[in-house]
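So the structure is just underneath, and the comments pick up after that.
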Amino acid sequence: MKFKLLLLLILTVSCSNNITTYNKKTPYSAKGFAYIYNENDLKEKIIKGRLDNEIMQISQQNLRFGALIKVSNPRNNENVVLTNIKRVKYPNFYKILISKPVAEKLGLNINLPIIEITEIKKNKSFVAKKAKIYSEEKKISTKAPIDSVQISNISKDKSKKMKRNSDKIFIHIATFYSPDIAINLKKRIINELTQIDKNKLIVKKINSKKTQVILGPYTSVNSLKNDYIKIKNLGFEELDIFINE
Numbered sequence: 006m007k008f009k010l011l012l013l014l015i016l017t018v019s020c021s022n023n024i025t026t027y028n029k030k031t032p033y034s035a036k037g038f039a040y041i042y043n044e045n046d047l048k049e050k051i052i053k054g055r056l057d058n059e060i061m062q063i064s065q066q067n068l069r070f071g072a073l074i075k076v077s078n079p080r081n082n083e084n085v086v087l088t089n090i091k092r093v094k095y096p097n098f099y100k101i102l103i104s105k106p107v108a109e110k111l112g113l114n115i116n117l118p119i120i121e122i123t124e125i126k127k128n129k130s131f132v133a134k135k136a137k138i139y140s141e142e143k144k145i146s147t148k149a150p151i152d153s154v155q156i157s158n159i160s161k162d163k164s165k166k167m168k169r170n171s172d173k174i175f176i177h178i179a180t181f182y183s184p185d186i187a188i189n190l191k192k193r194i195i196n197e198l199t200q201i202d203k204n205k206l207i208v209k210k211i212n213s214k215k216t217q218v219i220l221g222p223y224t225s226v227n228s229l230k231n232d233y234i235k236i237k238n239l240g241f242e243e244l245d246i247f248i249n250e
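In this text, residue positions in the sequence shown follow my numbering: the first is 6, and each later residue adds one.
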């Protein structure tokens, strides 16, 4: 009888292990602002770790060392795939820490560095190859004179600059199947965060199965940052940021 119970226990544990093996973790993804590395921020202890600002490097504090991460600029569809070289501590408002050559490669607006990041599984060989190419080319941007970068920025036509200045930024708080739940969340936020402008808090129906709670629009990163931190303190682990949607 004891033998049968022991055998049953072994089979149960064995089955449990198999189930766990097939329960793959969903790749991490987020939309928001990149923190562009600066030596002064390290000295002032705003960030707690060093990047090499002469080459393309990234650090994402929620992902493991060695993870492959695709960083994209949604404004021009430029992207790079790089390895998470370390887990540097930086302000939670930002989604990733990047060196200046990465910002230049992506063509980011320094004043509004909106990015999208996606973790990429290493079993995709073409991604690994792409990451290797970027690793080999990451020093290219440092060979270009600084003057040429400045001239390139100045030469952009005025209409593009005006469009950037009129960007409207939103915080995506949550998406629900039920509109009633979205409305209740809005009421809760208004009640608990009296400092937030309730006119910026919007319940937006996307389709019959999706209703979003968003906050905005903002035209200033600083005002957005303040509200972002307040919302996150309510217990939301991940908040996305998007433009003109």
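Built from N, CA and C at the ideal position, the CB exists for glycine as well.
Each residue's CA atom was taken as its position, placing lysine 214 and asparagine 196 some 26 Å apart. Per DSSP, aspartate 245 is one residue of the beta strand (DSSP E) stretching across 245 to 248. In the structure shown, glutamate 83 adopts extended strand secondary structure according to DSSP, grouped into three states.
Separation of leucine 244 and asparagine 116 (C-alpha to C-alpha, rounded to the nearest whole angstrom) is 20 Å.
Residue pairing from DSSP places phenylalanine 38 in a beta bridge opposite Ile119.
In the displayed model, tyrosine 223 falls within a strand according to three-state DSSP.
When beta bridges are read from the DSSP output, glutamine 217 appears opposite Thr180, Lys209. DSSP, read as helix, strand or coil, puts isoleucine 103 in strand. Looking at Lys192, Asn89, Leu239, the one whose alpha-carbon comes closest to that of isoleucine 63 is Asn89. Assignment of beta-bridge partners to phenylalanine 175 by DSSP yields Phe247.
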